[in-house]
Structure formats: C-alpha cells, structure tokens
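**Q** Would you mind keeping the following structure in view while I ask a few things?
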Amino acid sequence: MNDGIFFYFAAWSGWIFYTFISDKNNSRTKSAIFILMMILLSGFETVNGNISAGWASAGLLVFSLYGFLKLSFRDVLRLMMASITVMALLAALHIFFLYDPAVLIMPQYFLAGLFAVVMAVTWGRTYHEVLLVLATGLLFGDFLIQLSFLPLKGYLELGSKEFLDLAGFSMIAVFFFQMAASFVKSLNGLHLVRRITFRR
Numbered sequence: 002m003n004d005g006i007f008f009y010f011a012a013w014s015g016w017i018f019y020t021f022i023s024d025k026n027n028s029r030t031k032s033a034i035f036i037l038m039m040i041l042l043s044g045f046e047t048v049n050g051n052i053s054a055g056w057a058s059a060g061l062l063v064f065s066l067y068g069f070l071k072l073s074f075r076d077v078l079r080l081m082m083a084s085i086t087v088m089a090l091l092a093a094l095h096i097f098f099l100y101d102p103a104v105l106i107m108p109q110y111f112l113a114g115l116f117a118v119v120m121a122v123t124w125g126r127t128y129h130e131v132l133l134v135l136a137t138g139l140l141f142g143d144f145l146i147q148l149s150f151l152p153l154k155g156y157l158e159l160g161s162k163e164f165l166d167l168a169g170f171s172m173i174a175v176f177f178f179q180m181a182a183s184f185v186k187s188l189n190g191l192h193l194v195r196r197i198t199f200r201r
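Residue numbering for the sequence shown follows my numbering, beginning at 2 and increasing consecutively.
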C-alpha cells in the first residue's frame with residue numbers, strides 16, 4: 002500500500018537541489034517555492050460526505066491552469082489532447098494492474114509513471130509542456146479511475162497518497178530525462194567541435 006513515502010523523498014530531494022545546488026535564476030526560485038508548497042499541502046485534505054480531495058492535488062491543478070494561460074489556443078488544444086491520452090493510458094494500466102502479478106515485483110506507480118512520462122515526452126515540445134501534459138494527465142487519470150470505482154468503493158478519494166507517489170515518481174523521472182538529454186546534447190556539441198578541429 003502506497004503511503005506517500007516516495008513522494009516525500011522526491012519532493013525533498015527536488016527542493017534541496019533547486020535551493021542549494023541549481024544555478025541561481027528565476028526558474029530555480031519558482032521551482033523551489035512550488036515544491037515546498039506541495040509538501041506543505043500534502044498533509045491536508047477536504048472531506049465532504051463521500052468525497053475527499055487532497056490539497057496537494059488542488060495545488061497541482063492551479064499550477065497546470067496557470068501554465069496553460071501562457072499558451073496559445075492551438076497549443077492548449079494540443080496539450081489537452083495529450084493529457085487526455087495520458088489519462089486514458091493510466092486508466093487502462095490501472096485495470097491491467099488489477100489482474101497482472103507484475104505489481105508484486107515493483108510498485109504500481111513505478112510502471113504507470115514510466116508510461117506516463119514516455120507519453121508526455123512524446124507530446125511535449127519543451128520541458129514546460131512536458132510538465133503540463135504530465136500534471137494534467139495525472140490529475141485527469143486519477144479522477145477517471147476514482148470515478149470508475151465509485152460504485153464499488155462507495156467514496157471518491159482524489160489526490161490520495163498513492164496519487165502523490167505516482168506524481169512524485171513521474172516528475173523526478175522527467176527531471177532525470179532532461180538531465181540525460183542535456184548530457185547527450187553536450188556530447189554532440191563536443192563531437193562537433195572535434196570534427197571542426199580535425200578538419201582544420
């Protein structure tokens with residue numbers, strides 16, 4: 002059973018990186034504040050009847066809406082289609098995990114997060130777009146899964162600790178993917194410099 006341990010590990014690791022290690026810029030400050038806000042909100046939830054909603058998921062939703070405000074209408078449509086694709090993928094994987102013993106080998110959020118990241122990277126053209134697709138896709142997917150199982154469970158649990166584990170793993174996977182892409186790009190640049198030097 003997921004209890005948010007990986008989310009807190011990923012969140013605190015990310016906060017330490019952006020606060021003390023990353024280069025000083027405006028993006029670093031915003032990232033550190035956002036991660037700290039998510040950590041603080043993760044301990045609260047609102048319960049109304051048979052519906053409970055975690056405050057951290059609400060914070061992630063606000064972040065997503067703010068990110069979409071900066072995009073053109075065409076880009077919003079494209080990224081929303083990408084988010085719906087991620088949502089459908091997560092719902093299908095959740096049903097698959099109910100009958101597949103693979104979840105006994107590794108956590109469900111590990112496999113689901115990897116698939117979600119691959120889809121987000123495929124659709125997103127920039128790092129910012131990848132994060133938007135991933136955040137909205139995870140939120141939509143969590144809502145669809147909880148809504149589908151509402152008749153069986155009898156209650157709606159949005160933004161649970163299981164969702165936070167999935168979100169935390171997905172975000173840290175995107176971060177490492179970006180680091181790997183930057184490293185490969187730097188290697189290509191070095192290779193180009195060597196070719197120019199050799200030609201001379």
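In this text, a Cβ means the ideal position worked out from N, Cα and C, and glycines have one as well. Fair warning: this is a prediction, and the values are worked out from it, not measured in the lab.
Only counting the same chain, and skipping five residues up and downstream in sequence, which positions put a Cβ closer than 6 Å to that of residue 181?
**A** none
**Q** Have a look at 130, 55, 48 and flag the residue whose alpha-carbon is nearest the alpha-carbon of residue 78.
**A** 130
**Q** Applying the criterion that 16 or more other CB atoms from any shown protein chain within 10 Å of the CB defines a buried residue, is residue 160 buried or exposed?
**A** buried
**Q** How is residue 53 classed by DSSP in three states: helix, strand or coil?
**A** Strand at residue 53.
**Q** Expressed to the nearest angstrom, what Euclidean distance is found between the alpha-carbon atoms of residue 43 and residue 162?
**A** Straight through space, the alpha carbons of residue 162 and residue 43 are spaced by roughly 8 Å.
**Q** Which runs of the beta strand (DSSP E) fall wholly inside the stretch 111-161 and span at least 3 residues, in chain order?
**A** Secondary structure in the stretch 111-161: the beta strand (DSSP E) runs of 3 residues or longer, each lying completely within the stretch, are 157-159 in chain order.
**Q** Using CA atoms only, rank isn't needed, just tell me which of 150, 126, 23 is closest to residue 76.
**A** For the residues 150, 126, 23, the minimum Cα distance to residue 76 belongs to 126.
**Q** Round the Cβ separation of residue 118 and residue 58 to the nearest angstrom and send it over; I've been treating them as touching at under 8 Å.
**A** About 18 Å; that fails the 8 Å criterion.
**Q** Mapping DSSP to helix, strand and coil, what is residue 18?
**A** helix
**Q** Quick one: measure Cβ to Cβ for residue 62 and residue 140, integer angstroms, because I've assumed they're closer than 8 Å.
**A** Distance from residue 62 to residue 140 at the Cβ level is roughly 6 Å; contact confirmed, criterion being Cβ atoms closer than 8 Å.
**Q** With a 10 Å radius around its C-beta and 16 neighbouring C-beta atoms as the bar for buried, classify residue 202 as buried or exposed.
**A** Residue 202 lies beyond the stretch modelled for the chain, which goes from 2 to 201, so this question has no answer here.
**Q** Which first and last residues belong to the alpha helix (DSSP H) in which residue 43 is found?
**A** Residue 43 -> no alpha helix (DSSP H), and no H or E assigned at all.
**Q** Who are the Cβ neighbours of residue 151 in its own chain at under 7 Å, not counting the five residues just before and after it?
**A** 157
**Q** In the DSSP output, what is residue 48 paired with across the bridge?
**A** 53
**Q** What residue range does the alpha helix (DSSP H) around residue 78 cover?
**A** 74-100 is the extent of the alpha helix (DSSP H) around residue 78.
**Q** How big is the Cα-Cα spacing for residue 187 and residue 93?
**A** So the two alpha carbons sit approximately 37 Å from each other.
**Q** In terms of alpha-carbon separation, which member of 133, 110, 115 lies closest to residue 72?
**A** 133
**Q** Quick check on residue 68: does DSSP put it in helix, strand or coil?
**A** The three-state reading of DSSP puts residue 68 in helix, counting H, G and I together.
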